[in-house]
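Visitor: Let me give you the structure first, and then I'll get to my questions.
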Amino acid sequence: MLWFLANYFASACLEYTSVGSVTILTSTSSVWTLILCAVMRVESFTVRKLCGVLAGLAGVVLISTVDLSGKSDEDRGNFPHKSTAEMAIGDSMAFVSAIIYGLYVTVMKRRVGNEDHVNMPLFFGLVGLLNLILLWPVFFLLHFTGIETFALPPSGKIWGIILLNSLSSFVSDMSWAYAMLLTTPLVVTMGLSLTIPLSLVGEMIQYHQYASWVYWVGACIVLLSFVFINHESHEDEDPRDRHHGTTDQV
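Residue numbers (the UniProt record's numbering): 1 to 250.
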């Protein structure tokens, strides 16, 4: 259920705000991951990690501020105009998705531990099956209330987009899950922020919307934050590995 809600809010918010803003705001899940990992004792909390996460959040704030300005963006291209209220709704949904994602990845790491304890293809298959069994009433509720009416894709192009998106989501989810089990939840969560520069390039190509220098400064800050967090997590794990190695020898 947590996985469904995180992905639903992350997808639904695209109706109200830009891809770049969604990608950046969902990266704030690193803050919640750090907090929840410390509370659930999945990963240790350090001031250096907090500084790295806050630096990444500073980059998020920079770009979100530019995105909320709406009308002041002179290079919006043919991207559909959205009011400040609509962008605020979309950004809020992305923020909620980040919180739920942080909770999900922390709970999963705590329950599973490492990759030897779970069959990932089987795990995601069961996640999909349970969502299908438990959430099918919501389908009819959304349709008959008019909130989100059901309709088949009108063209082959849309079918192609759906299939391509499904395939890319499958590959990314599997890669994310294995990476989370092999490293730490915080490293993987910060790693997701690396999609920010690619999303900005995508908006340039599709909408001819050229981001201002503030966007790129924020993206660079997030990138450097990921490198720093990755280094800190490895430094945190090395003493444990040496301790276990010494114990095994004894």
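We treat Cβ as the ideally placed atom computed from N, Cα and C, and that holds for glycine.
By Cβ distance, which residues of its chain are closer than 8 Å to LEU103, with the 5 residues on each side in sequence left out?
Guide: For this step, residue 103 is matched to residue 103 along the sequence shown. Excluding sequence neighbours, LEU103 sits near LEU2, TRP32, LEU36.
Visitor: Which residues mark the beginning and the end of the alpha helix (DSSP H) in which ASN119 is found?
Guide: Position 119 of the sequence shown, counting from 1, holds the residue named residue 119. Run containing ASN119: none; DSSP gives neither H nor E here.
Visitor: At which residue ranges does the stretch 15 to 58 contain complete alpha helix (DSSP H) runs of 4 or more residues, listed in the order of the chain?
Guide: As far as the stretch 15 to 58 is concerned, its whole alpha helix (DSSP H) runs of at least 4 residues are 19 to 26, 29 to 39.
Visitor: Considering only their Cβ atoms, is the gap separating SER175 from THR23 smaller than 8 Å?
Guide: One-based indexing of the sequence shown puts residue 23 at position 23. One-based indexing of the sequence shown puts residue 175 at position 175. For THR23 and SER175, no; Cβs fall outside 8 Å.
Visitor: Pull up the CB-CB distance for MET87 and TYR16, whole angstroms please, since I reckon it's below 8 Å.
Guide: Residue numbering aside, residue 87 sits at position 87 when the sequence shown is read from its first letter. Residue numbering aside, residue 16 sits at position 16 when the sequence shown is read from its first letter. Yes, they are in contact, since the Cβ atoms of MET87 and TYR16 sit about 6 Å apart, within 8 Å.
Visitor: Can you find the residues in the same chain that come closer than 6 Å, C-beta to C-beta, to ASN230, ignoring five residues on each side of it along the sequence?
Guide: Numbered from 1 along the sequence shown, position 230 holds the residue referred to as residue 230. VAL187.
Visitor: Could you tell me whether the Cβ atoms of PHE226 and ASP173 are closer together than 8 Å?
Guide: For this step, residue 226 is matched to residue 226 along the sequence shown. For this step, residue 173 is matched to residue 173 along the sequence shown. No, the Cβ-Cβ distance between PHE226 and ASP173 is not below 8 Å.
Visitor: Alpha carbon to alpha carbon, what distance is there between VAL222 and SER29?
Guide: Along the sequence shown, read from residue 1 onward, the residue named residue 29 stands at position 29. Along the sequence shown, read from residue 1 onward, the residue named residue 222 stands at position 222. The alpha-carbon atoms of SER29 and VAL222 are separated by roughly 13 Å.
Visitor: Using a Cβ-Cβ cut-off of 8 Å (strictly less than) and excluding sequence neighbours within five positions of ALA38, which residues of its own chain qualify?
Guide: Reading the sequence shown from its first residue, position 38 is the one you call residue 38. Result list for ALA38: SER44, PHE45, in chain order.
Visitor: Using the beta-carbon count (16 or more within 10 Å), is THR106 buried or exposed?
Guide: By 1-based counting over the sequence shown, the position of residue 106 is 106. By the neighbour-count rule (16 or more Cβ atoms within 10 Å), THR106 is buried.
Visitor: Which value, in whole angstroms, describes the spacing of the CA atoms of residue 256 and LEU34?
Guide: Lying outside 1 to 250, the shown extent of the chain, residue 256 is not represented and no answer is given.
Visitor: Apply the 10 Å Cβ neighbour rule to VAL60 and answer buried if 16 or more other Cβ atoms are within range, or exposed otherwise.
Guide: Taking the sequence shown and counting its residues from 1, one reaches residue 60 at position 60. With 16 or more other Cβ atoms within 10 Å, it is buried.
Visitor: Would you mind reading off the limits of the alpha helix (DSSP H) that contains LYS82?
Guide: Counting from one through the sequence shown, the residue named residue 82 turns up at place 82. First-last for LYS82: undefined, no H or E at that position.
Visitor: Which residue from MET204, THR189, GLU203 puts its Cα closest to that of VAL53?
Guide: On the sequence shown, residue 53 is found 53 positions in, with the first residue counted as 1. Of the listed residues, the one whose Cα sits closest to VAL53 is THR189.
Visitor: To the nearest whole angstrom, what separates the beta carbons of VAL42 and PRO185, a pair I think is in contact under 8 Å?
Guide: Reading the sequence shown from its first residue, position 42 is the one you call residue 42. Reading the sequence shown from its first residue, position 185 is the one you call residue 185. Contact flag correct, Cβ pair sits at about 6 Å.
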